[in-house]
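Numbering (our numbering), first residue to last: 20 to 391.
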């Protein structure tokens, strides 16, 4: 039985994002081992039948001694476990995993980029981390015993232009898919109630929370009968979290509901979804929203534009364009027929292009080819 190891920077990633893939690999006859720092979801993952190995890693640290210790710890895990293939998710595992694989004489790995813009554009990372990042990626992403997966073609093209990968050793798989049975359209909205506009994201600047708050403020000043909700918790591991002071300034227009696990229930109460992010791989929130039959307003970046077809199932707006963001939301608030039509198109797109079994099948093919 081939042993597959999935490595990420926090157990939330395993439970909320990788579980369908882990189940599919297990069903396909592989032993699946999950590696990450475990703080929240170990019991749930063990109950699913997966073995979990704790890896002592700090998402936020850039201390060279701590990072070296994390690399050596991961190499030790690989040496003991002897996996056939390791799949790395998120930037630190993608960087440290190939080094650990080389140190442990474990040659086969898959690097999965759920988004690449931030590590290459953030100035704080550029000064401290980018030279190392480029050196490692340039050395390891073209390895004949490895493969690189991107969640949208833009990210693949970006790294090819930087000469960090090539077409032969990489491929595009559009996200992790969505369970269209789990996420279904909710009941029609009652005419008497305020419409609900929802944004779901971590509380970090790059998700566009400021723009969302300002758009809500504009529309509320116009007397639009809509509530603006935000779902998602703080991200203490982020280099650019939103402070409590910043959050308090947004509360004049946004109802912050915190982290909620039951997204199908939340989406059944929603009329319009918004994600004004500065960059994305392939956002799960938009996939779930599309499957739930909701119209979308999002930015014309990365994977957002592959879920949202402008004028078909929603609207695409430029990054940080508050006025166009507000007017696009307003168009949907004012037109119930358009909301319904675009919502139906969202559902169709989710089923035809992003059904979970279809997407996980593409991942299984990559594993099959690498094991051959």
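The C-beta atom is built at its ideal place from N, Cα and C for all residues, glycine as well.
Fair warning: this is a prediction, and the values are worked out from it, not measured in the lab.
{"Query": "With 16 other Cβ atoms within 10 Å as the buried cut-off, status of residue 392", "Result": "Because the chain in this structure spans residues 20 to 391, residue 392 falls outside the shown range and cannot be described."}
{"Query": "Three-state class that DSSP yields for residue 7 in the structure shown", "Result": "Summary: the structure shown does not reach residue 7, with the chain confined to residues 20 through 391, and so no result is reported for it."}
{"Query": "Touch test, the segment 291 to 311 against the segment 175 to 182, Cβ-Cβ under 8 Å, three pairs minimum", "Result": "no"}
{"Query": "Contact the segment 323 to 342 vs the segment 366 to 373: 3+ CB pairs below 8 Å", "Result": "yes"}
{"Query": "For residue 177, three-class secondary structure by DSSP", "Result": "helix"}
{"Query": "Cα-Cα separation between residue 339 and residue 288, rounded to whole angstroms", "Result": "27 Å"}
{"Query": "Touching by the beta-carbon criterion (3+ pairs, under 8 Å), the segment 329 to 337 and the segment 360 to 369", "Result": "yes"}
{"Query": "Endpoints, the beta strand (DSSP E) within which residue 70 is located", "Result": "70 to 73"}
{"Query": "Continuous alpha helix (DSSP H) stretch holding residue 276: start and end", "Result": "Looking at the DSSP string, residue 276 is not in any alpha helix (DSSP H), and its letter there is neither H nor E."}
{"Query": "Per-residue DSSP class, three states only, for residue 231", "Result": "helix"}
{"Query": "Segments of 3+ residues assigned as beta strand (DSSP E) that fall wholly inside the segment 262 to 304", "Result": "291 to 294"}
{"Query": "Between the CA atoms of residue 121 and residue 196 - distance to the nearest angstrom", "Result": "31 Å"}
{"Query": "Contact under 8 Å by Cβ, residue 29 with residue 56", "Result": "yes"}
{"Query": "Helix, strand or coil at residue 354 [DSSP, three-state]", "Result": "coil"}
{"Query": "From 236, 135, 242, 240, residue whose alpha carbon lies closest to that of residue 248", "Result": "236"}
{"Query": "Through-space distance from residue 75 to residue 40, alpha-carbon basis", "Result": "24 Å"}
{"Query": "Beta-carbon proximity list for residue 230, same chain, < 7 Å, skipping 5 on both sides", "Result": "295, 339, 341, 344"}
{"Query": "C-beta neighbour in chain B for residue 328, strict 8 Å", "Result": "Looking for chain B here will not work: only one protein chain is present."}
{"Query": "Of the listed residues 170, 198, 37, 112, nearest to residue 376 (C-alpha basis)", "Result": "198"}
{"Query": "Beta-carbon proximity of residue 130 to residue 113, cut-off 8 Å", "Result": "yes"}
{"Query": "Candidates 286, 89, 228: closest to residue 117 by CA position", "Result": "89"}
{"Query": "Inter-residue Cα distance where the pair is residue 386 and residue 21", "Result": "10 Å"}
{"Query": "Under 8 Å between C-beta atoms of residue 305 and residue 291", "Result": "no"}
{"Query": "First through last residue of the beta strand (DSSP E) which encompasses residue 46", "Result": "Taken as a continuous stretch (DSSP letters only), residue 46 belongs to no beta strand (DSSP E), being part of the alpha helix (DSSP H) at 38 to 46."}
{"Query": "Cutoff 6 Å; reference residue 133; Cβ partners in own chain excluding five residues on either side", "Result": "170, 300"}
{"Query": "C-beta contact flag for residue 216 and residue 246 at 8 Å", "Result": "yes"}
{"Query": "Closest by C-alpha distance to residue 277, when choosing among 36, 218, 167, 174", "Result": "218"}
{"Query": "Anticipated Cβ contact below 8 Å, residue 244 with residue 213, distance rounded", "Result": "5 Å"}
{"Query": "CB of residue 303 within 8 Å of CB of residue 227, strictly", "Result": "no"}
{"Query": "Cβ neighbour criterion (16 or more within 10 Å) applied to residue 48", "Result": "exposed"}
{"Query": "Residue 173 burial status per 10 Å Cβ neighbour count (16 or more: buried)", "Result": "buried"}
{"Query": "Nearest-angstrom Cα separation, counted from residue 317 out to residue 349", "Result": "13 Å"}
{"Query": "Which of helix, strand or coil DSSP assigns to residue 192", "Result": "coil"}
{"Query": "Reduced DSSP category for residue 130 - H, G, I as helix; E, B as strand; rest coil", "Result": "strand"}
{"Query": "Residue 283 versus residue 358 - alpha carbon distance", "Result": "19 Å"}
{"Query": "Close beta carbons around residue 279, own chain, < 7 Å, minus the five adjacent residues each side", "Result": "250, 285"}
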